[in-house]
Each structure stands twice: as C-alpha cells, then as structure tokens.
Amino acid sequence: MFGEAIAGVALDGEIIATPYAPSEFRIKWTTLDWEADEAYKLRRAVFCIEQGIFVGDDRDDKDEHAQQLVAVSCVAGLPEQVVGTVRIHQEEPGVWFGSRLAVHAAFRRHGKIGATLIRLAVSSAHALGCETFLAHVQSQNVPLFRAMHWDVLAEEMLLGRPHHLMQAQLDRYPPCTAPCSGFVTHAHASARSAA
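Per my numbering, residue 5 is the first one in the sequence shown, and the count goes up by one each step.
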C-alpha cells in the first residue's frame, strides 16, 4: 500500500484513500525488513519527489552502517505503515549524527512524530556511548530542534539548501536502552478527526 509521495497520492499516480485514523504510533529501531523497505520508500518520496533534493534515490555510503529508525502507525494495536523515519550513525568514537528525518505529508499535522523520532535517535545513541550528537538541519526545522534543546553551531549550505549544524544537549536526552521497543505516542483527537 505504501508508496505515497504527497498526501493521498501514490508514486504511480493512484489516489489512495485512508479510511481510518491511527490512534498511536510506535517509534523504534527498524527490526523487520518491511520497516526498512518502507522507510527507504518514504525517504525517496520526501527527499526525491517532494523536495527534489536528490534524483531517483537518496541513499549514500552512510546507509551501509547507519541504524534506521521508524515511526509506525498502529491500528487496533497492530503495525500498519511507516509514517516517519530518521537514521543515526557514529561518525567517530563518541560522535554521532542524525540525518534523513522524514515524516509522511499526511501525518505532519500529528505534531509528535518528528519530535519523538528525534528523541529516540539521540537517546538511543546516548545509551551507546554518544558524547556529541549532531545533525545538519534544514532551516525551516530549526525552531523544532531549538524547542527540543538543540544548539546552533553554524549556518551552512548543503545540497543547495540552507541548513544549520546543530548539537543536541545530551543532558536532556536520558539513554534509551530498549530502542527496538522504542516509544509510543498517541494521536491528538484533532489530528484523528483531520485525517
């Protein structure tokens, strides 16, 4: 079913109806092949089709050793589809990066999916010995990261777009030692009725 690039439109142009509104989302490390496959499809939809940053595929050499995280919508407590993703990797001992944060367009109004992906990304790296957690953040997302206790280190241009190099305040992110279980976040009633 997944392959949606922009809210309600599949990559092949087919209109997709969503007759339900998930009430919860599990944010976790990918543990199943379908989760990883759907995460890559979502990244392609956001970074290649919607934003036009990459042509065809956004994968790079970091994917070889990065840990992919996903936000999975749940219906009746069962996993349904990947609606968000981010990846983390250790650049050098103690220094971790987060990248490729993407939330499906139809779920951006939820308000917690991106933030919870960020929280698990930093907290799980922290549990693995992270001393510095960094990200190159697109400028429009800087307010979210600042609200989540990140500091701007530099402004930069990456892939033709303005970004900010930002660092998480690790003392605000307790280590998460069970990232395969991760976190659960619930939809607001207004987000469910808007879906």
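Think of the CB as a built atom: it goes at the ideal place given N, C-alpha and C, for glycine as much as any other residue.
Residue i classed as buried or exposed, judged by whether at least 16 other C-beta atoms fall within 10 angstroms
{"i": "alanine 195", "result": "Bear in mind that the predicted position of alanine 195 carries a pLDDT of just 47, short of 50, making it unreliable; the figure below should be weighed with that in mind. Alanine 195 should be labelled buried."}
{"i": "histidine 69", "result": "exposed"}
{"i": "glycine 60", "result": "exposed"}
{"i": "arginine 104", "result": "buried"}
{"i": "threonine 35", "result": "exposed"}
{"i": "serine 185", "result": "exposed"}
{"i": "glutamine 144", "result": "exposed"}
{"i": "threonine 189", "result": "buried"}
{"i": "glycine 118", "result": "buried"}
{"i": "valine 86", "result": "buried"}
{"i": "arginine 48", "result": "buried"}
{"i": "methionine 170", "result": "buried"}
{"i": "valine 76", "result": "buried"}
{"i": "glycine 98", "result": "exposed"}
{"i": "leucine 163", "result": "exposed"}
{"i": "tyrosine 24", "result": "exposed"}
{"i": "leucine 82", "result": "exposed"}
Cβ-Cβ separation, residue j to residue i (assumed contact under 8 Å), whole Å
{"i": "valine 90", "j": "leucine 121", "result": "5 Å"}
{"i": "histidine 108", "j": "leucine 174", "result": "Not confirmed; about 29 Å, so no contact."}
{"i": "isoleucine 53", "j": "arginine 165", "result": "Not really, about 16 Å apart at Cβ, beyond 8 Å."}
{"i": "alanine 43", "j": "glutamine 72", "result": "5 Å"}
{"i": "proline 183", "j": "leucine 124", "result": "6 Å"}
{"i": "histidine 167", "j": "glutamine 142", "result": "6 Å"}
{"i": "glutamate 28", "j": "cysteine 78", "result": "5 Å"}
Any chance you could list the beta strand (DSSP E) runs of at least 3 consecutive residues sitting entirely within the segment 28 to 107, in chain order? 28 to 33, 71 to 79, 82 to 96, 99 to 107
Would you mind listing the beta strand (DSSP E) stretches within the segment 105 to 191 that are 3+ residues and don't spill past its ends, in chain order? 136 to 142, 154 to 162, 165 to 172, 187 to 190
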